[in-house]
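Peer 1:
Protein chains: 2
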Amino acid sequence: MTSIKERMRSEKLAPGDPLPSENALALEFGVSRAVIREAFRSLAALKLIDVGGGRRARVSAIDPDVLGLVLDHAVHTKQITIQQIYDVRRTIEMRTVALAALRRADDEAASIVELADAMARDFDNPDHVMRHDIAFHEAIARASRNPLFALVVGSFHIVTRQTWGIGWASRPNDAERMASVACHRSIARAIADRDPRVAGAAMADHFDLSVKWLLAAGVN
Amino acid sequence: MTSIKERMRSEKLAPGDPLPSENALALEFGVSRAVIREAFRSLAALKLIDVGGGRRARVSAIDPDVLGLVLDHAVHTKQITIQQIYDVRRTIEMRTVALAALRRADDEAASIVELADAMARDFDNPDHVMRHDIAFHEAIARASRNPLFALVVGSFHIVTRQTWGIGWASRPNDAERMASVACHRSIARAIADRDPRVAGAAMADHFDLSVKWLLAAGVN
DNA sequence: AAAGCAAGACTTGTCTGACATGTTCCGTGA
DNA sequence: TCACGGAACATGTCAGACAAGTCTTGCTTT
Numbered sequence: 003m004t005s006i007k008e009r010m011r012s013e014k015l016a017p018g019d020p021l022p023s024e025n026a027l028a029l030e031f032g033v034s035r036a037v038i039r040e041a042f043r044s045l046a047a048l049k050l051i052d053v054g055g056g057r058r059a060r061v062s063a064i065d066p067d068v069l070g071l072v073l074d075h076a077v078h079t080k081q082i083t084i085q086q087i088y089d090v091r092r093t094i095e096m097r098t099v100a101l102a103a104l105r106r107a108d109d110e111a112a113s114i115v116e117l118a119d120a121m122a123r124d125f126d127n128p129d130h131v132m133r134h135d136i137a138f139h140e141a142i143a144r145a146s147r148n149p150l151f152a153l154v155v156g157s158f159h160i161v162t163r164q165t166w167g168i169g170w171a172s173r174p175n176d177a178e179r180m181a182s183v184a185c186h187r188s189i190a191r192a193i194a195d196r197d198p199r200v201a202g203a204a205m206a207d208h209f210d211l212s213v214k215w216l217l218a219a220g221v222n
Numbered sequence: 003m004t005s006i007k008e009r010m011r012s013e014k015l016a017p018g019d020p021l022p023s024e025n026a027l028a029l030e031f032g033v034s035r036a037v038i039r040e041a042f043r044s045l046a047a048l049k050l051i052d053v054g055g056g057r058r059a060r061v062s063a064i065d066p067d068v069l070g071l072v073l074d075h076a077v078h079t080k081q082i083t084i085q086q087i088y089d090v091r092r093t094i095e096m097r098t099v100a101l102a103a104l105r106r107a108d109d110e111a112a113s114i115v116e117l118a119d120a121m122a123r124d125f126d127n128p129d130h131v132m133r134h135d136i137a138f139h140e141a142i143a144r145a146s147r148n149p150l151f152a153l154v155v156g157s158f159h160i161v162t163r164q165t166w167g168i169g170w171a172s173r174p175n176d177a178e179r180m181a182s183v184a185c186h187r188s189i190a191r192a193i194a195d196r197d198p199r200v201a202g203a204a205m206a207d208h209f210d211l212s213v214k215w216l217l218a219a220g221v222n
């Protein structure tokens, strides 16, 4: 497998480029196709290459799900806790929201505002609210113009999808839930206003509330 | 592969526990051993399980190298830049150093100080200095008592090993290099003194210097 | 009786050959 | 020139086989 990675390095290493076929590589390295297949499967699991159907494997773009699955596994095996994830999320997103306020394009600001508005509009459908919420944080991360921030933030989604409902249900009434939505709208407005200070303060409030209600539900 | 993960979930899901053998799973799911092998290989690539030799596969502990390899690939395919990684590193490590100052045990503080001292002691051997440097940041991340921070910081090592020498060589003289080492000792002292403010300020200086000399060498 | 050792059962790693399914590409015909 | 069809190619899956390593078990020795 190391040999194949080195080959990707020395060859051309551009995402989207095709790799040689399994048979060709098996012949080149003097091993059976099974060995090449396992190496391909390893690289595909890391989303370093994209294999499928009857077409050749291609160099792939980075994918948040890799880290997402690792986090999911770590949580389910009790190696890390939800609260620990939230500490990292807070650290990262306090930065992405400031960067987004400074760097966002106009259409990015518009879509962030629209997602916050959509959370209020679909208030009665928690599943839709969650989807908008996740997309909201992802859009902010993208607006930070640093794909690595987007990767990390995106990796939290798998775990978030499993705990979001707990936090939502843990709020004692709709007023508290609406306050959470209002918090998102404050963040969106601050980003649209290019105000990193206010955006950061609103994001801090958002995380304080989320952690508070998660703790109230007994989620460690 | 999804089925196997679900089986890990429902079964017992503790790290270190053994999984059924390939033949047993092949029989259970009614597929050939090759399919099970590929699923195992995928999970092993993500370090979710540990397979090897003639022994049964076991549930595995989280490993920073997974994210490390992804970052390495992303850098080599020009999907993210070194500077973007440094922004994330700075964001994360500004937090780990503060947490370490608050939470470190005595032996952790001692080993962090020792690593900074070792950087000065081995000053004439850049390779050793780099090793101590990497271990230094990793020790701080562990002292934060949040394994997810340790995971993320650890994932940067693979890329750091490829660029560290550039930053070191980019410093115009040994005085500048010694200043970098002194910066690490300041951080270590602040952690030993349980002073998160000073530790954070020293870490900020450290990253400002590192980014400055990397930029001077033309590393984007 | 306890400890050490050796044989056997079990598991993974690799190989070979084969066939089904799906994609890509090119030449042919409208 | 465009659309269609087929050949070549690629991956997905299967079956059977053997080598190499690990673990268990039962026996021998002390």
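Chain order of the listed sequences is A and B.
Counting from 1, position 27 in the first sequence corresponds to residue 29 in the numbering used here; the numbering is continuous, with no gaps.
Counting from 1, position 113 in the second sequence corresponds to residue 115 in the numbering used here; the numbering is continuous, with no gaps.
We put the beta carbon where it would ideally sit given N, CA and C, even for glycine.
Determine, using beta carbons only, whether Phe-151 of chain B comes closer than 9 Å to chain A.
Peer 2: The count along the second sequence starts at 1 and reaches residue 151 of chain B at position 149. Yes, its Cβ sits closer than 9 Å to a Cβ of chain A.
Peer 1: Would Ala-46 of chain B count as contacting chain A if we go by Cβ distances under 9 Å?
Peer 2: As a position in the second sequence, residue 46 of chain B is number 44, starting the count at 1. Interface residue, yes.
Peer 1: Report the start-end ranges of each alpha helix (DSSP H) in the segment 116-178 of chain A that is 4 residues or longer and not cut off at the edges.
Peer 2: Counting whole runs of 4 or more residues, the segment 116-178 of chain A contains the alpha helix (DSSP H) stretches 128-145, 149-157, 159-172.
Peer 1: Check whether chain B comes within 9 Å of Ala-76 of chain A, counting only Cβ atoms and requiring the distance to be less than that.
Peer 2: If you number the first sequence from 1, residue 76 of chain A lands on position 74. So, interface residue.
Peer 1: Could you list the residues in the segment 54-79 of chain A with a C-beta less than 8 Å from some C-beta on chain B, going in chain order?
Peer 2: The residues in question are Val-61, Ala-63, Ile-64, Val-68, Leu-69, Leu-71, Val-72, Leu-73, His-75, Ala-76, His-78, Thr-79.
Peer 1: Can you tell me the Cβ-Cβ gap for Leu-69 of chain A and Ser-157 of chain A, rounded? I've got them flagged as a contact below 8 Å.
Peer 2: What you label residue 69 of chain A is simply residue 67 of the first sequence in a count that begins at 1. What you label residue 157 of chain A is simply residue 155 of the first sequence in a count that begins at 1. With 8 Å as the limit, Leu-69 of chain A and Ser-157 of chain A qualify as a contact, their Cβ atoms being about 4 Å apart.
Peer 1: Counting only Cβ pairs nearer than 8 Å, list the residues of chain A close to Leu-15 of chain B.
Peer 2: Residue numbering aside, residue 15 of chain B sits at position 13 when the second sequence is read from its first letter. In chain order: His-78, Thr-79.
Peer 1: Just how far apart, CA to CA, sit Leu-27 of chain A and Arg-58 of chain A?
Peer 2: Taking the first residue of the first sequence as position 1, residue 27 of chain A is located at position 25. Taking the first residue of the first sequence as position 1, residue 58 of chain A is located at position 56. When rounded, the distance between both Cα atoms is 12 Å.
Peer 1: Just by C-beta distance, which residues in the segment 90-103 of chain B are closer than 7 Å to chain A?
Peer 2: Listed by position, the residues of the segment 90-103 of chain B near chain A (Cβ gap below 7 Å) are Val-90, Thr-93, Ile-94, Arg-97.
Peer 1: Taking C-beta to C-beta, are Ala-137 of chain B and Arg-105 of chain B nearer than 9 Å?
Peer 2: If you number the second sequence from 1, residue 137 of chain B lands on position 135. If you number the second sequence from 1, residue 105 of chain B lands on position 103. No, the pair does not count as a contact, with Cβ atoms beyond the cut-off.
Peer 1: So, at 6 Å on beta carbons, what are the nonlocal neighbours of Ala-219 of chain B in its own chain, with the 5 sequence-adjacent residues on each side left out?
Peer 2: Numbered from 1 along the second sequence, position 217 holds the residue referred to as residue 219 of chain B. Here the set comprises Ile-168, Ser-172.
Peer 1: Hey, which unbroken runs of the alpha helix (DSSP H) at 4 residues or more fall wholly within the segment 36-96 of chain A?
Peer 2: 67-78, all fully within the segment 36-96 of chain A.
Peer 1: Out of A:Gln-85, A:Arg-179, A:Glu-140, A:Glu-110, which has the shortest C-alpha to C-alpha gap to Pro-128 of chain A?
Peer 2: For this step, residue 128 of chain A is matched to residue 126 along the first sequence. Measuring from the Cα of Pro-128 of chain A, the nearest candidate turns out to be A:Arg-179.
Peer 1: As a quick exercise: from A:Lys-80, A:Ser-23, A:Phe-31, A:Val-37, pick the residue whose alpha carbon is nearest that of Gly-55 of chain A.
Peer 2: Numbered from its first residue, the first sequence carries residue 55 of chain A at position 53. Among A:Lys-80, A:Ser-23, A:Phe-31, A:Val-37, the Cα nearest to that of Gly-55 of chain A belongs to A:Ser-23.
Peer 1: Going by DSSP, which residues form a beta bridge with Pro-20 of chain B?
Peer 2: Counting from one through the second sequence, the residue named residue 20 of chain B turns up at place 18. In DSSP, Pro-20 of chain B forms a bridge with B:Arg-60.
Peer 1: Quick one: residues in its chain with C-beta nearer than 6 Å to the C-beta of Asp-124 of chain B, no 5 flanking neighbours on either side, listed in chain order?
Peer 2: Numbered from its first residue, the second sequence carries residue 124 of chain B at position 122. Excluding sequence neighbours, Asp-124 of chain B sits near His-130, Val-131.
Peer 1: Are the C-beta atoms of Val-154 of chain B and some chain A residue less than 9 Å apart?
Peer 2: In the second sequence, the residue the question calls residue 154 of chain B occupies position 152. By this cut-off, Val-154 of chain B is an interface position.
Peer 1: Please tell me whether Pro-149 of chain B and Ile-64 of chain B are closer than 9 Å, where the distance is taken between their beta carbons.
Peer 2: Your numbering for residue 149 of chain B matches position 147 in the second sequence. Your numbering for residue 64 of chain B matches position 62 in the second sequence. In contact: Pro-149 of chain B and Ile-64 of chain B (Cβ atoms closer than 9 Å).
Peer 1: Thinking Gly-202 of chain A and Met-121 of chain A are a contact (beta carbons under 8 Å), I'd like their distance in whole angstroms, please.
Peer 2: Taking the first residue of the first sequence as position 1, residue 202 of chain A is located at position 200. Taking the first residue of the first sequence as position 1, residue 121 of chain A is located at position 119. Contact doesn't hold; Cβ gap of about 20 Å is too wide.
Peer 1: Could you name the residues of the same chain whose beta carbon sits closer than 6 Å to that of Arg-187 of chain A, not counting the 5 residues immediately before and after it, in chain order?
Peer 2: Locating residue 187 of chain A in the first sequence gives position 185, counting from the first residue. If we look at Arg-187 of chain A and ignore the five residues flanking it on each side, its Cβ neighbours are Ala-118.
Peer 1: Does the separation of the CB atoms of Ala-47 of chain A and Leu-48 of chain B fall below 9 Å?
Peer 2: For the purposes of this step, residue 47 of chain A is identified with residue 45 of the first sequence, where counting begins at 1. For the purposes of this step, residue 48 of chain B is identified with residue 46 of the second sequence, where counting begins at 1. Yes, the pair counts as a contact, with Cβ atoms nearer than the cut-off.
Peer 1: Any beta carbon of chain B sitting closer than 9 Å to that of Ala-36 of chain A?
Peer 2: Against the first sequence, residue 36 of chain A aligns to sequence position 34. For Ala-36 of chain A, the answer is yes, since a Cβ of chain B falls inside 9 Å of its Cβ.
Peer 1: Does the separation of the CB atoms of Phe-151 of chain A and Asp-135 of chain B fall below 9 Å?
Peer 2: As a working mapping, residue 151 of chain A is identified with position 149 in the first sequence. As a working mapping, residue 135 of chain B is identified with position 133 in the second sequence. Cβ atoms of Phe-151 of chain A and Asp-135 of chain B: not closer than 9 Å.
Peer 1: Helix, strand or coil for Leu-15 of chain A per DSSP?
Peer 2: Walking along the first sequence from the start, residue 15 of chain A turns up at place 13. Here Leu-15 of chain A sits in coil by DSSP.
Peer 1: Measure the Cβ-Cβ separation of Val-161 of chain B and Ile-87 of chain B and say whether it is below 9 Å.
Peer 2: In the second sequence, residue 161 of chain B corresponds to position 159, counting from 1. In the second sequence, residue 87 of chain B corresponds to position 85, counting from 1. The answer is yes: Cβ separation under 9 Å.
Peer 1: Would Arg-43 of chain B count as contacting chain A if we go by Cβ distances under 9 Å?
Peer 2: Here residue 43 of chain B refers to the residue found at position 41 of the second sequence. So, interface residue.
Peer 1: Tell me the residue span of the alpha helix (DSSP H) that contains Arg-199 of chain B.
Peer 2: Sequence index remark: in the second sequence, residue 199 of chain B carries index 197 (1-based). Looking at the DSSP string, the run of the alpha helix (DSSP H) that includes Arg-199 of chain B is 198-218.
Peer 1: Under a three-way DSSP split, which group does Asp-109 of chain B fall into?
Peer 2: Start at 1 with the first residue of the second sequence, and residue 109 of chain B comes out as number 107. DSSP places Asp-109 of chain B in helix when its eight states are reduced to three.
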